[in-house]
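Engineer: First the structure, then my questions, so here it is.
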Amino acid sequence: MKKKIVIPQLKAMKAQGRKFSMVTAYDYLLASLVDQSDVEMILVGDSLGMVMLGYDGTVPVTMEDMIHHCRPVAKGAPNTFIVGDMPFGSYNISRKDAIHNANRLMKEGYVDAVKLEGGKTVAPIVAAVVEAGIPVVAHIGLTPQTASQLGGFKVQGKTDEAAQQLVEDALALEAAGAFAIVIECVPVAAGRAITAAVSVPTIGIGAGWDCDGQVLVFHDMVGMFDRFVPKFVKQYANIGPTIKEALNTYAREVADGTFPGPEHSFGVNK
Ligand code: KIV
Numbered sequence: 008m009k010k011k012i013v014i015p016q017l018k019a020m021k022a023q024g025r026k027f028s029m030v031t032a033y034d035y036l037l038a039s040l041v042d043q044s045d046v047e048m049i050l051v052g053d054s055l056g057m058v059m060l061g062y063d064g065t066v067p068v069t070m071e072d073m074i075h076h077c078r079p080v081a082k083g084a085p086n087t088f089i090v091g092d093m094p095f096g097s098y099n100i101s102r103k104d105a106i107h108n109a110n111r112l113m114k115e116g117y118v119d120a121v122k123l124e125g126g127k128t129v130a131p132i133v134a135a136v137v138e139a140g141i142p143v144v145a146h147i148g149l150t151p152q153t154a155s156q157l158g159g160f161k162v163q164g165k166t167d168e169a170a171q172q173l174v175e176d177a178l179a180l181e182a183a184g185a186f187a188i189v190i191e192c193v194p195v196a197a198g199r200a201i202t203a204a205v206s207v208p209t210i211g212i213g214a215g216w217d218c219d220g221q222v223l224v225f226h227d228m229v230g231m232f233d234r235f236v237p238k239f240v241k242q243y244a245n246i247g248p249t250i251k252e253a254l255n256t257y258a259r260e261v262a263d264g265t266f267p268g269p270e271h272s273f274g275v276n277k
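The sequence shown maps to residues 8 to 277 in our numbering.
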């Protein structure tokens with residue numbers, strides 16, 4: 008059986024050039040499947056706002072939503088390292104508030120670490136949460152919670168200056184104590200430069216092959232969420248159409264009376 012990875016192991020993997028993988032999960036059943044796989048880490052991402060709750064973005068997601076989804080994931084995946092996203096509004100008011108909400112994710116959501124979005128400007132918040140004893144994953148590049156400030160869901164760090172800014176963000180977050188940094192939607196060269204600049208592992212999503220680990224949204228990678236499929240998503244399966252086909256076959260068989268047949272029905276004792 009897989010053994011839960013610990014934070015020093017992630018750093019050692021970076022030093023040894025060994026890559027690791029992370030995937031999102033938002034419920035018990037999927038978490039238990041991930042737990043039986045070789046994927047080392049689960050992210051209970053606030054992408055659940057779109058994937059589970061049908062919102063257009065992540066901003067409306069609340070602490071209660073996050074805790075509600077983190078709990079069953081922790082129950083389903085006891086052998087997988089679980090990171091819970093701090094939702095928008097849970098760490099942008101004060102350091103005290105950020106620590107309070109990070110404590111809630113740990114104590115009520117049973118996660119192993121929290122993730123929050125932002126560069127240099129959130130480094131003091133990261134430092135406060137880390138000093139409170141809570142492991143933090145940072146998230147730079149395209150930060151969906153503040154996508155409107157970035158001009159939409161666009162590739163970040165496309166110029167030398169912008170890439171250098173991201174390197175500085177990463178260094179500030181490392182100095183603040185983040186033990187890993189998610190880099191979203193940047194050119195391969197920017198992902199490479201950030202990964203080379205920091206000693207903590209980077210986890211790329213649309214940030215090229217040089218990052219130390221990779222993360223994907225599960226429902227994207229298995230073809231279940233087709234409202235928008237970003238270029239960086241590789242579809243390892245296409246189960247959306249398979250599910251629709253199963254549902255249509257079921258509906259047709261109920262309508263034409265072929266389901267349930269004798270093999271799915273009970274007789275009576277004479
Ligand atoms: O919420 C999420 O799923 C994320 C990933 C896109 C990294 O933050």
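C-beta: ideal position from N, C-alpha, C; glycine also. Fair warning: this is a prediction, and the values are worked out from it, not measured in the lab.
Should N108 go down as buried or exposed, given a rule of 16 or more other Cβ atoms within 10 Å for buried?
Structural biologist: Walking along the sequence shown from the start, residue 108 turns up at place 101. The residue in question, N108, is buried, as its Cβ has 16 or more Cβ neighbours within 10 Å.
Engineer: Look up T209 in the DSSP assignment and say whether it is helix, strand or coil.
Structural biologist: For the purposes of this step, residue 209 is identified with residue 202 of the sequence shown, where counting begins at 1. Three-state DSSP puts T209 in a strand.
Engineer: If you compare alpha carbons, which of F235, A262 and I141 is closest to V58?
Structural biologist: As a first step, residue 58 is located in the sequence shown; it is residue number 51 there, counting from the start. Answer by Cα proximity: F235.
Engineer: Below 8 angstroms, is the gap between the Cβ of D63 and the nearest heavy atom of the ligand KIV?
Structural biologist: Here the question's residue 63 lines up with position 56 in the sequence shown. Answer for D63: no, Cβ out of range of the ligand KIV.
Engineer: Is any heavy atom of the ligand KIV found at a distance shorter than 8 angstroms from the C-beta of V66?
Structural biologist: Start at 1 with the first residue of the sequence shown, and residue 66 comes out as number 59. For the ligand KIV, not one heavy atom lies less than 8 angstroms from the Cβ of V66.
Engineer: My understanding is that Q221 touches G211, with C-beta atoms under 8 angstroms, so please give their C-beta distance in whole angstroms.
Structural biologist: One-based indexing of the sequence shown puts residue 221 at position 214. One-based indexing of the sequence shown puts residue 211 at position 204. Correct: roughly 5 angstroms between the Cβ atoms.
Engineer: Specify the secondary structure class of S155 as computed by DSSP and reduced to three states.
Structural biologist: Start at 1 with the first residue of the sequence shown, and residue 155 comes out as number 148. It is coil, neither helix nor strand.
Engineer: So what does DSSP say about S39, is it helix, strand or coil?
Structural biologist: Mapped onto the sequence shown, residue 39 falls at position 32. Correct three-state label for S39: helix.
Engineer: Compare the beta carbon distance of A214 and A185 with 9 angstroms and say whether it is the shorter of the two.
Structural biologist: Counting from one through the sequence shown, the residue named residue 214 turns up at place 207. Counting from one through the sequence shown, the residue named residue 185 turns up at place 178. No. Outside cutoff.
Engineer: Alpha carbon to alpha carbon, how far is S28 from V224? Give it in angstroms, no decimals.
Structural biologist: To locate residue 224, count along the sequence shown from 1; it is residue 217. To locate residue 28, count along the sequence shown from 1; it is residue 21. The straight-line gap from Cα to Cα measures roughly 12 angstroms.
Engineer: Quick one: what does DSSP say K127 is sitting in, helix, strand or coil?
Structural biologist: Counting from 1 along the sequence shown, the entry for residue 127 is found at position 120. Helix.
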